[in-house]
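Each residue of the sequence shown is one higher than the one before, starting from 61 at the first, in the working numbering.
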Amino acid sequence: MKDLSEAFRLLENAMAIFTQKDPQQERSAQVNRMIMDAYSCYREIYEKKKRHAQQQTMDRFLQHR
């Protein structure tokens, strides 16, 4: 999960650069939307794994009480 988290961080940094450096706000906004749409399937996978890991942690905690 750390790898996906790092990839999202890098993509968000890239999108911030596009927003800051492109004088045409509409273009950078469109590119950012396209990037977000392109990696949304990986975001869903990441969120599912994250929820599953949190649930396992809670289950283990409750079992040891």
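C-beta: ideal position from N, C-alpha, C; glycine also.
Here the segment 100 to 108 makes no contact with the segment 69 to 85; the two share fewer than three CB pairs at distances below 8 Å. Rounded to the nearest whole angstrom, the CA to CA distance from Ser88 to Leu64 is 23 Å.
DSSP, reduced to helix, strand and coil, places Gln84 outside both helices and strands of the structure shown, so it counts as coil.
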